[in-house]
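Quick note: the sequence shown uses the numbering used here, first residue 1, plus one each step.
What follows is a short report on a single structure.
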Amino acid sequence: MIDYAWMWSELLVRWLHVIAGIAWIGSSFYFIALDLSLKPGKALPEQAHGQAWQVHGGGFYNMVKYLVA
Numbered sequence: 001m002i003d004y005a006w007m008w009s010e011l012l013v014r015w016l017h018v019i020a021g022i023a024w025i026g027s028s029f030y031f032i033a034l035d036l037s038l039k040p041g042k043a044l045p046e047q048a049h050g051q052a053w054q055v056h057g058g059g060f061y062n063m064v065k066y067l068v069a
């Protein structure tokens, strides 16, 4: 019985690891696309690097990137 439970726990951990890897890669692609879509704005503060507008779920998002380092 312990071997059976151990086998299922290994399978669960492997699938969680695969899903976490897919999410990590997806978020990396999202932030690359976000950085490439940044455009300078006239009304941006001096410290801002750029802004991007996005639409998701019926809402508008205005994202401003600040360089901190």
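The C-beta atom is built at its ideal place from N, Cα and C for all residues, glycine as well.
- Taking a C-beta distance under 8 angstroms as the contact criterion, L38 and H49 qualify as a contact pair.
- In the DSSP assignment, no residue is bridged to A33.
- Taken through DSSP and simplified to helix, strand or coil, G26 comes out as helix.
- The residue among S27, S9 and M63 with its C-alpha nearest the C-alpha of Q54 is M63.
- Straight-line spacing of the CA atoms in M1 and S9 works out to 12 angstroms.
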